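Novice: Quick one: the structure is below, and I'll ask about it shortly.
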């Protein structure tokens, strides 16, 4: 998707005095930094997203395209369905502050902020209340 979206962006007219063409926001995970036992493929995939953020930002900068990533931790999303209460009870108290799981609207607000800040480029932003996931 990075290749396809950035290729499409290069065909747009540059905007402003800096020639901006847009921003790509990728999603990594806290697992990129501290994956759990048994999550090697997932941690490696998310670590790859985190690792390519700066390199992609450098590669795409001549075209006026920024690249940033978000590495969320525990987020309460509709995909959890009926397990949401159990997950909230388990993960919520483990988050240093605030003691709860993240909310989708918080993720969305961060993405909007990343898109609006032209000088933010090549950075992975961790979003998770300072939680560091234990190995198991």
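Residue numbers (this note's numbering): 8 to 143.
From the three backbone atoms N, C-alpha and C, an ideal C-beta is built for every residue, glycine too.
Being a predicted model, the structure only gives us computed values, none of them experimental.
Look at the alpha carbon of residue 92 and the alpha carbon of residue 21, and state the distance between them as a whole number of angstroms.
Specialist: Distance between the alpha carbons of residue 92 and residue 21: 47 Å.
Novice: Taking the alpha carbon of residue 25 as the point to measure from, which residue in 70, 137, 43 and 130 has its own alpha carbon closest?
Specialist: When each option's Cα is compared against that of residue 25, the closest is 70.
Novice: Rounded to whole angstroms, what is the Cα-Cα separation between residue 97 and residue 88?
Specialist: Cα to Cα, residue 97 sits roughly 15 Å from residue 88.
Novice: Going by DSSP in three states, residue 36 sits in which element: helix, strand or coil?
Specialist: Here residue 36 sits in coil by DSSP.
Novice: Helix or strand or just coil, what does DSSP make of residue 56?
Specialist: Helix at residue 56.
Novice: Please determine if the stretch 51-65 and the stretch 100-111 are in contact, where contact requires at least 3 C-beta pairs separated by less than 8 Å.
Specialist: Verdict: no, contact absent.
Novice: By DSSP, does residue 91 sit in helix, in strand, or in coil?
Specialist: Of the three classes helix, strand and coil, the one that applies to residue 91 here is helix, per DSSP.
Novice: Going by the beta-carbon positions, is the gap between residue 162 and residue 15 smaller than 9 Å?
Specialist: Residue 162 is absent from the structure shown; the chain starts at 8 and stops at 143.
Novice: Enumerated in chain order, which unbroken segments of the beta strand (DSSP E) with a length of 3 residues or greater are wholly contained in the stretch 108-139?
Specialist: Listed in chain order, they are 131-134.
Novice: How many Å lie between residue 61 and residue 94 at the Cα?
Specialist: About 33 Å.
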